[in-house]
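K.L.:
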Amino acid sequence: MVNTMTSSPKAWQSIRGYTPCPNTTTLLDSSLNFKDSYDEIVANKKMFGNHANNAAYLEVGPLRECKTAHLYKDSSLKKWAHIFKDGPDSKFPKTHLLLQALIASLNSNRDRALFRAYVTIVEPGQQIYAHCDTDGPVWNTLDRYQFYFTGDSDMIQIINGTLFPIGPGYLYYFDHRQIHEYHNHSKQDLILMVFDLQRNISENHYGT
1 MVNTMTSSPK
11 AWQSIRGYTP
21 CPNTTTLLDS
31 SLNFKDSYDE
41 IVANKKMFGN
51 HANNAAYLEV
61 GPLRECKTAH
71 LYKDSSLKKW
81 AHIFKDGPDS
91 KFPKTHLLLQ
101 ALIASLNSNR
111 DRALFRAYVT
121 IVEPGQQIYA
131 HCDTDGPVWN
141 TLDRYQFYFT
151 GDSDMIQIIN
161 GTLFPIGPGY
171 LYYFDHRQIH
181 EYHNHSKQDL
191 ILMVFDLQRN
201 ISENHYGT
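Residue 1 is where the sequence shown starts when you use my numbering, and the numbers rise one by one after that.
(1) If you draw a straight line from the alpha carbon of ASN184 to that of LEU27, how long is it in whole angstroms?
(2) What did DSSP end up calling ALA113 once you bin it into helix, strand or coil?
(3) Going by DSSP in three states, GLU181 sits in which element: helix, strand or coil?
(4) Note down the Cα distance separating TYR118 from TYR145, rounded to an integer number of angstroms.
(5) Less than 8 angstroms between the C-beta atoms of ILE191 and PHE149, yes or no?
(6) Under DSSP, the alpha helix (DSSP H) around VAL42 begins and ends at which residues?
(7) Please report the distance separating the alpha-carbon of SER105 from that of THR24.
(8) Apart from the five residues just before and just after GLU40, which ones in its own chain have a Cβ nearer than 8 angstroms to its Cβ?
(9) Once DSSP output is grouped into helix, strand and coil, what is the label at THR25?
(10) Can you tell me whether GLN188 is buried or exposed? The criterion is at least 16 other CB atoms within 10 Å of its CB, across all chains shown.
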């Protein structure tokens, strides 16, 4: 799980504000049944759209060659208000149930509020270019999790120059301030759910 892999140069890289930080990426245990959510996502794939719609994002490539369905955002995410409304999107009820179960399993000893959540589909031959999420102080207050609906050896996840395997049901925690990228060399869609939990500001570490 810790095979080092150097990323090749990319046409689009967004690493503004990046500062080196420890690789805290962790594969977490997840035994939840996600078939209903997966079926719901596949059935509603046509409802997925651009990850973002602002001009700066669209004119550069974009950064993510993927389609996204935003499930939830905190009202403080003003800059993305044009993408989706406050609160949960009722179009994906099974996926919201899975999300709630995942959050409950991660919040066993403390109550961290959901900040935002979305599902992303990276089709065969597509990728999410190397980038880090550091644009603004809000990123220093969040724990980032990724749940994979699909995954095999031809679906690549690289975080801080390290290759981490992905597979159906895999749940990762990682520091989103690190440079990360994804490549789909398989013949099926790479589907994952990303969600951020607000960590207790009195804590000085990341993760669960």
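Backbone N, C-alpha and C define an ideal beta-carbon position, used for all residues, glycine too.
If you're wondering where the values come from, they're calculated on a predicted model, not measured in any experiment.
P.N.:
Here's the rundown:
(1) 20 angstroms
(2) coil
(3) strand
(4) 11 angstroms
(5) yes
(6) 35-43
(7) 19 angstroms
(8) PHE92, PRO93, LYS94, THR95
(9) coil
(10) exposed
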